[in-house]
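Scroll down for the structure; my scribbles are underneath it.
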Amino acid sequence: MGLKIRLARAGAKKRPYYHIVIADSRSPRDGRFIERVGSYNPMLPAEHEDRVRLQEDRLTHWLQNGAVATERVAKFLGKAGLAPMPAWNEQPKQSAPKKKAQERAKAAAAA
Numbered sequence: 001m002g003l004k005i006r007l008a009r010a011g012a013k014k015r016p017y018y019h020i021v022i023a024d025s026r027s028p029r030d031g032r033f034i035e036r037v038g039s040y041n042p043m044l045p046a047e048h049e050d051r052v053r054l055q056e057d058r059l060t061h062w063l064q065n066g067a068v069a070t071e072r073v074a075k076f077l078g079k080a081g082l083a084p085m086p087a088w089n090e091q092p093k094q095s096a097p098k099k100k101a102q103e104r105a106k107a108a109a110a111a
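Next up, the structure:
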């Protein structure tokens, strides 16, 4: 059984609210979970203290027992100092200019 620390959506339409839960990786996003260990309210400003609430003792317990956090939750844990901050790519490689476009840009810069 692979354990995940992930977000489970709650709240009304166009008013998202997420619970941070420990769940089996095979269970549905909003379905069965083992334990609720925090919450995330994206409607609050980024600097508000209640935007992300974590139960740090329970999260460290589950991380020691092999639970793996999803990308978004890993960022929350990294900011809280519970786990290393994940690597974040600012620009995806897929949207980078292709070979011919790079050659044209070099030629334009040289001219």
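First residue of the sequence shown: 1, per the UniProt record's numbering; consecutive thereafter.
Positions of the beta carbon are idealized from the N, C-alpha and C atoms, including for glycine.
Integer-rounded CB distance, given that residue j should sit under 8 Å from residue i
i, j, result
"R29", "S39", "About 15 Å separates the two Cβ atoms, so there is no contact after all."
"F33", "A8", "6 Å"
"G11", "S25", "Not a contact, Cβ separation roughly 23 Å."
Contact with chain D by residue i, beta-carbon distance below 7 Å
i, result
"R15", "Among the protein chains of the structure shown there is no chain D, as only one such chain exists."
Beta bridge counterpart(s) of residue i as assigned by DSSP
i, result
"V52", "Y40"
"I5", "I22 and A69"
"P16", "G11"
"E35", "I22"
Assigned secondary structure, residue i (DSSP; H/G/I helix, E/B strand, else coil)
i, result
"R29", "coil"
"A10", "strand"
- Start-end ranges of the alpha helix (DSSP H) lying completely within the UniProt region "Disordered" (84-111), minimum 4 residues: List check, alpha helix (DSSP H) in window: 99-110.
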